[in-house]
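Data first, discussion second: the structure below is written as structure tokens.
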Amino acid sequence: MILFEPLTLTGKHVILEPLRRDHHDGLVTATQDGELWQLWYTSVPAPEGMAAEIERRLALQETGSMLPFTTRLIDPATGGPGRIIGMTTYMNIDAGTPRVEIGSTWNAASVQGAGTNPDSKLLLLRHAFETLGCPAVEFRTHWLNHQSREAISRLGAKQDGVLRNHSRTADGVLRDTVVFSILEHEWPMVRNGLEHRLAKRA
């Protein structure tokens with residue numbers, strides 16, 4: 010049985026640190042960057058709902074089913090933690106296999122396309138495969154979230170299938186969920202691809 014304990018992961022562009030309640034104001038500012046909660050095809054907390062979302066994620070951490078992170082930029086002047094830009098998680102944790110899903114992720118609009126997402130994914134995937142020993146890592150997204158589906162495919166994940174009428178969105182509409190995964194023998198190639206993408210931004 011693998012223990013999924015809070016930890017900090019440091020990459021080239023971002024630092025992933027354990028979610029805390031005092032991250033609230035920084036997360037509100039980040040979600041206002043692009044008004045991300047207005048996107049109908051994904052679920053990003055509105056400013057007034059951020060405190061509840063933090064509590065939801067921390068409660069799931071207590072049950073052992075989620076390990077939530079706050080995403081920060083690395084401050085170029087100090088090399089340390091900079092401003093908060095979003096959230097991500099290990100979720101649907103199966104500690105016995107072990108297996109995880111990487112999801113519930115969002116980043117401020119101003120940093121999208123700047124290497125923060127592949128850096129974050131590299132950190133989470135490396136820890137999952139190389140430290141935790143996961144034989145597979147999963148990703149899920151809305152069928153209609155083409156931006157997310159393309160981003161997951163660019164990682165090197167393969168589509169497993171579509172769960173039709175799988176869950177309801179915040180407004181009560183049934184959604185189809187696309188499931189992707191990366192297997193442990195695929196990880197070295199995926200890692201090389203992510204490292205290459207990040208090296209091009211040096």
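In this note's numbering, the protein residues as written are 10 to 211.
The beta-carbon is built from N, C-alpha and C at its ideal position, and this holds for glycine as well.
Computed from a prediction, not measured in an experiment: that's the story for all the values here.
So, using beta-carbon positions, are residue i and residue j closer together than 8 Å?
| i | j | result |
| --- | --- | --- |
| residue 114 | residue 97 | yes |
| residue 99 | residue 111 | yes |
| residue 168 | residue 189 | yes |
| residue 37 | residue 46 | no |
| residue 213 | residue 118 | Beyond the ends of the chain as shown, which are 10 and 211, falls residue 213; an answer cannot be given. |
| residue 18 | residue 132 | yes |
| residue 163 | residue 150 | no |
| residue 93 | residue 79 | yes |
| residue 137 | residue 146 | yes |
Return the Cβ separation of residue i and residue j in integer angstroms, given the expectation that the two are a contact with Cβ distance under 8 Å.
| i | j | result |
| --- | --- | --- |
| residue 75 | residue 66 | 6 Å |
| residue 281 | residue 95 | Outside the displayed span of the chain (10 to 211) sits residue 281, for which this structure offers no information. |
| residue 165 | residue 199 | 4 Å |
List the DSSP bridge partners of residue i.
| i | result |
| --- | --- |
| residue 148 | 189 |
| residue 115 | 96 |
| residue 170 | 188 |
| residue 26 | 79 |
| residue 90 | 83 |
| residue 176 | 184 |
Which residue marks the beginning of the alpha helix (DSSP H) containing residue i, and which one marks its end?
| i | result |
| --- | --- |
| residue 53 | Taken as a continuous stretch (DSSP letters only), residue 53 belongs to no alpha helix (DSSP H), as it is neither H nor E. |
| residue 15 | Looking at the DSSP string, residue 15 is not in any alpha helix (DSSP H), and its letter there is neither H nor E. |
| residue 107 | No alpha helix (DSSP H) contains residue 107, which DSSP labels as neither H nor E. |
| residue 40 | 33-41 |
| residue 59 | 59-72 |
| residue 155 | 155-164 |
| residue 204 | 196-208 |
Along the beta strand (DSSP E) that carries residue i, what are the first and last residues, could you check?
| i | result |
| --- | --- |
| residue 182 | Neither: residue 182 is in no beta strand (DSSP E) and is coded neither H nor E. |
Only counting the same chain, and skipping five residues up and downstream in sequence, which positions put a Cβ closer than 6 Å to that of residue i?
| i | result |
| --- | --- |
| residue 51 | 154 |
| residue 185 | 152, 171, 173 |
| residue 141 | 11, 107 |
Leaving aside the five residues before and after residue i along the sequence, list all residues of the same chain whose C-beta is less than 7 Å from its C-beta, in chain order.
| i | result |
| --- | --- |
| residue 210 | 124 |
Taking 8 Å as the limit between beta carbons, can you name the residues of its chain near residue i, skipping five residues before and five after?
| i | result |
| --- | --- |
| residue 61 | 54 |
At least one CB of chain B closer than 8 Å to the CB of residue i: is that the case?
| i | result |
| --- | --- |
| residue 164 | Absence of chain B from the displayed structure is noted, only one protein chain being present. |
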